[in-house]
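The sequence shown begins at 65 in the working numbering and counts up by one. Glycine included, every Cβ here is placed at the ideal spot set by N, Cα and C. Here the structure comes first, spelled out in structure tokens, and everything after it is commentary.
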Amino acid sequence: MTHPDQSIDQPTLLEIFANGELSGHSRHYEKYAGDMAGVYLDSADWERQVAHGGADRLVYSVNEQKYQEGPGALTIGTSTVHPGIYGDEYAVTRGHLHAVSDRAELYYCLSGNGVMLLDTVDGQTNAIELAPGKAVNVPGQWVHRSVNVGTEPFVTLFCYAADAGQDYGLIAAAGGMKTMIVRDGDGWTTIPNPRHIGYARSSAA
Ligand code: ZN
């Protein structure tokens, strides 16, 4: 008789919904309007909206399941960015580079309309539009942020190496990402961020 290897984790079933619900999530966090100080170029408009709508207005939320640890494990989750516009700039997540910077990530759009905004620390920039059924494979070494360019919540499924971590300070230290996603008629376009001063090279691996 053979004995099962007790060190092998069991597969888990997840239910993932277009509204961002994720059954079995092990972590949920929320960001509020008041958490986004310094993110938007038009800080006066951001302040006005916080004063009127409240610093506790939900702007994005994340559900995630981290089931295993270590370099071979995956973190799986959903990100929901609520619609908004500050000056001409569409609502964004804080964005990050993975602390282990070679770690890649999949983002698959479940609902809404958005853009994955991407920079490298050496000055490349890219913006990839997402709609339900479209996904972006974000390679390692790319700073990334979700942007909601629609009027409904922008919901993505993400999946990345569980040991990747996040460096959130890099973007703030650079004066924001290199490019901004702004309103252009009924759509969106990219413009250079005048506050961006370039990224410091991450000291992480
Ligand atoms: Zn990431």
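Residue i Cβ short of 8 Å to ligand 1 heavy atom set
i: TYR224; result: yes
i: GLU128; result: no
i: GLN230; result: yes
i: VAL202; result: yes
i: SER162; result: A quick correction: the sequence has His, not Ser, at residue 162. Yes.
i: GLU94; result: no
i: GLU153; result: no
i: GLU169; result: yes
i: HIS116; result: no
i: HIS146; result: no
i: HIS89; result: no
Limits of the unbroken beta strand (DSSP E) element including residue i
i: HIS208; result: 206-212
i: ILE255; result: 251-256
i: VAL198; result: In the sequence on display, residue 198 carries Lys and not Val. Premise fails: LYS198 is in no beta strand (DSSP E) and is neither H nor E.
i: TYR171; result: 169-175
i: HIS92; result: 91-96
i: THR153; result: In the sequence as presented, Thr is not what sits at residue 153; that position holds Glu. GLU153 -> beta strand (DSSP E) spans 153-156.
i: THR66; result: From DSSP, THR66 is part of no beta strand (DSSP E); its letter is neither H nor E.
i: THR76; result: Run containing THR76: none; DSSP gives neither H nor E here.
i: ILE140; result: 138-145
i: ASP99; result: Segment: none, ASP99 is in no beta strand (DSSP E) and carries neither H nor E.
Boundaries (first-last residue) of the alpha helix (DSSP H) holding residue i
i: SER107; result: 107-117
i: ILE235; result: 233-237
Integer-rounded CB distance, given that residue j should sit under 8 Å from residue i
i: TYR96; j: LEU122; result: 6 Å
i: ARG209; j: MET241; result: 6 Å
i: VAL246; j: ASP152; result: 4 Å
i: VAL259; j: GLY233; result: Checking the sequence, you will find Arg at residue 259 rather than Val. That belief does not hold up - the Cβ atoms of ARG259 and GLY233 are roughly 16 Å apart, past 8 Å.
i: ALA226; j: GLU133; result: 6 Å
i: VAL164; j: ALA228; result: 5 Å
i: SER90; j: GLU79; result: That belief does not hold up - the Cβ atoms of SER90 and GLU79 are roughly 14 Å apart, past 8 Å.
Is there contact between the region 79-88 and the region 140-156, where contact requires at least three CB pairs shorter than 8 Å? yes
Do the region 211-224 and the region 169-181 meet, that is, are 3 or more Cβ pairs less than 8 Å apart? yes
contact_flag[the region 166-173, the region 119-133] where n(CB pairs < 8 Å) is 3 or more: no
Taking one C-beta from the region 124-139 and one from the region 217-234 each time, how about it: are there three or more such pairs within less than 8 Å? yes
Taking 8 Å as the threshold, find out whether the region 106-115 comes into contact with the region 196-208 through three or more Cβ pairs. no
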